[in-house]
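Here's the structure, in structure tokens; my notes come after.
Protein chains: 2
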Amino acid sequence: MRMTNGLLLVFSGPSGVGKDTVLHELLHQNDSVRLSVSATTRSPRPGEIDGKDYFFVTREHFQEMIERGEMLEYAEYCGNYYGTPAVPVREWQEQGLDVILEIEVQGGAQIKRKHPDCVSVFLLPPSLEVLESRLRHRASDTEEVIQKRMESACGEILEAKHYDYLIVNDTVDHAVEQICSILCAEKLRFGRADADIERMLNYAETIT
Amino acid sequence: MRMTNGLLLVFSGPSGVGKDTVLHELLHQNDSVRLSVSATTRSPRPGEIDGKDYFFVTREHFQEMIERGEMLEYAEYCGNYYGTPAVPVREWQEQGLDVILEIEVQGGAQIKRKHPDCVSVFLLPPSLEVLESRLRHRASDTEEVIQKRMESACGEILEAKHYDYLIVNDTVDHAVEQICSILCAEKLRFGRADADIERMLNYAETIT
Chain W
56 MRMTNGLLLV
66 FSGPSGVGKD
76 TVLHELLHQN
86 DSVRLSVSAT
96 TRSPRPGEID
106 GKDYFFVTRE
116 HFQEMIERGE
126 MLEYAEYCGN
136 YYGTPAVPVR
146 EWQEQGLDVI
156 LEIEVQGGAQ
166 IKRKHPDCVS
176 VFLLPPSLEV
186 LESRLRHRAS
196 DTEEVIQKRM
206 ESACGEILEA
216 KHYDYLIVND
226 TVDHAVEQIC
236 SILCAEKLRF
246 GRADADIERM
256 LNYAETIT
Chain P
56 MRMTNGLLLV
66 FSGPSGVGKD
76 TVLHELLHQN
86 DSVRLSVSAT
96 TRSPRPGEID
106 GKDYFFVTRE
116 HFQEMIERGE
126 MLEYAEYCGN
136 YYGTPAVPVR
146 EWQEQGLDVI
156 LEIEVQGGAQ
166 IKRKHPDCVS
176 VFLLPPSLEV
186 LESRLRHRAS
196 DTEEVIQKRM
206 ESACGEILEA
216 KHYDYLIVND
226 TVDHAVEQIC
236 SILCAEKLRF
246 GRADADIERM
256 LNYAETIT
């Protein structure tokens, strides 16, 4: 039977685009997909669960993981480390499960450099007007804060050109369906052919 | 609204693998897919319909089409020309329809050279044993003829390594589903982004 490693899927998009909702539905519909959990040195916020929201680790532990090459990517932000531990990702992949990394664009670029065989998907809003309206409804911020957020979101959107696939989040179901098609199609790519197919091609060579 | 050209999909596989059955079901399930009709200079066989099985044309007409660059690919075989007229393919694509070329491996390679943006899919049997059994059940040929066919089929299978995607024809429905995923995913590739998305990326640049 076919038994191949699962895919590593980098998933990014500007804040306000609806990444969490899409991933929640994707995980709900597919039991062969897992969401990677990040590690951080910051303190848990009320309600956050260790191993679910984040792996909460000490600064020393995080630095050891970096030194041992156990971080797929990491960054320091406001004095705290954030990163993706490699071991659980690899273990899931070896079980044939597809692993999603929900990650901002710089982290996505780090992963792509280290793992060129990963698949990267960027989630876009239906339009910039829709994105602005979503950002406005999120919180009662001042006009200035909203404009700063829009600028930052547009900066992220420009990074879409470094991604393999672009999905427009017109409806959650449609976006989920498109991610499933990407996962299915990518597994059929020649370069990812499983052991059974390789054996068939090798055997065919002996017959000609 | 999104209005992009349909895809050009090159579809190949060894004889006996079940290409016709898979394509018949794909066309039945999808009204946005069309099957390209080849042109030939050979005479129609009983029951063959002009414009459905082939476009039956004169040798002079075929040569004119070659000279005018109106053939996506062509070959001469047993004294007759066979080829893919470019105009109907382009017209369908411009209407947003995906066009499938069911074509042998040499023709597929010609198309890929001329149209590097085409998507190529190779249909494999579940195993060489299954393929041999299908070839045996096709006609009551001598052992020698069957072995020659197997050799020829294996020669074709070796060309699979030049294709973008490999599909195993374990069941017709599964193969059709996988082709649909490939068509869906390929349309989401960054390089094929439609005019709406390009406008959004350009507009985002003016905001940052």
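The listed protein sequences correspond, in order, to chains W and P.
Residues in the first sequence are numbered from 56 upward in steps of one, following the numbering used here.
Residues in the second sequence are numbered from 56 upward in steps of one, following the numbering used here.
All residues carry an ideal CB built from backbone N, CA and C; glycine is no exception.
The model shown is predicted, which means the values in this text are computed figures rather than measured ones.
(request) Could you check which residue in 225(W), 249(W) and 77(W) has the C-alpha nearest to that of residue 66(W)? (result) That would be 77(W), whose Cα lies nearest to the Cα of residue 66(W).
(message) Restricting to runs no shorter than 3 residues, where is the beta strand (DSSP E) found entirely within the segment 175 to 230 of chain W?
(response) Runs of the beta strand (DSSP E) inside the segment 175 to 230 of chain W: 220 to 223.
(request) State yes or no: is the beta carbon of residue 236(W) nearer than 7 Å to at least one beta carbon in chain P? (result) yes
(request) Report the option in 208(W), 235(W) and 243(W) whose CA atom is closest to the CA atom of residue 260(P). (result) 208(W)
(request) Taking only the alpha-carbon atoms, compute the straight-line gap between residue 187(W) and residue 227(W) and give it to the nearest angstrom. (result) Distance between the alpha carbons of residue 187(W) and residue 227(W) is about 18 Å.
(request) Classify residue 236(P) as helix, strand or coil using the three-state DSSP reduction. (result) helix
(message) Quick check on residue 62(P) - is its C-beta less than 7 Å from some C-beta in chain W?
(response) no
(request) For the alpha helix (DSSP H) holding residue 171(W), just list the boundary residues, first then last. (result) No alpha helix (DSSP H) contains residue 171(W), which DSSP labels as neither H nor E.
(message) Quick check: residue 90(P) and residue 234(P), are their CB atoms within less than 7 Å of each other?
(response) no
(message) Using only CA atoms, which one of 88(W), 179(W), 216(W) and 115(W) lies nearest to residue 72(W)?
(response) Ranking 88(W), 179(W), 216(W) and 115(W) by CA distance to the CA of residue 72(W) puts 179(W) first.
(request) Show which residues of chain P have a CB atom less than 8 Å away from the CB atom of residue 263(W). (result) Within 8 Å Cβ-Cβ: 206, 209, 210 and 213.
(request) Would you identify the three-state DSSP class for residue 96(W), choosing helix, strand or coil? (result) Residue state for residue 96(W) is assigned as coil, using DSSP reduced to three classes.
(request) Answer yes if the segment 153 to 172 of chain P comes into contact with the segment 208 to 224 of chain P, meaning at least three C-beta pairs across the two stretches below 8 Å, and no otherwise. (result) yes
(message) For residue 263(W), count the other beta carbons within 10 Å of its own beta carbon; 16 or more makes it buried, fewer makes it exposed. Which is it?
(response) Residue 263(W) should be labelled exposed.
(request) Express the C-alpha separation of residue 102(P) and residue 248(P) in angstroms, rounding to a whole number. (result) Cα-Cα distance, rounded: 43 Å.
(request) Consider the Cβ of residue 244(W): report whether some Cβ of chain P lies at a distance smaller than 7 Å. (result) yes
(message) Is there a Cβ of chain P sitting closer than 7 Å to that of residue 178(W), yes or no?
(response) no
(message) What does the alpha-carbon distance come out to for the pair residue 192(W) and residue 109(W)?
(response) 27 Å
(request) Locate the beta strand (DSSP E) running through residue 65(P), then write down its first and last residues. (result) Segment 63 to 67, the beta strand (DSSP E) holding residue 65(P).
(message) Using only the alpha-carbon positions, how far apart do residue 169(W) and residue 127(W) sit?
(response) 8 Å
(request) Work out the CA separation of residue 61(W) and residue 220(P) for me, nearest whole Å. (result) 17 Å
(message) Give me the DSSP bridge partner(s) of residue 111(P).
(response) 95(P)
(message) Determine whether the beta carbon atoms of residue 114(P) and residue 139(P) lie at a separation below 7 Å.
(response) no
(request) Could you tell me the distance, in whole angstroms, from the CA atom of residue 197(W) to the CA atom of residue 176(W)? (result) 32 Å
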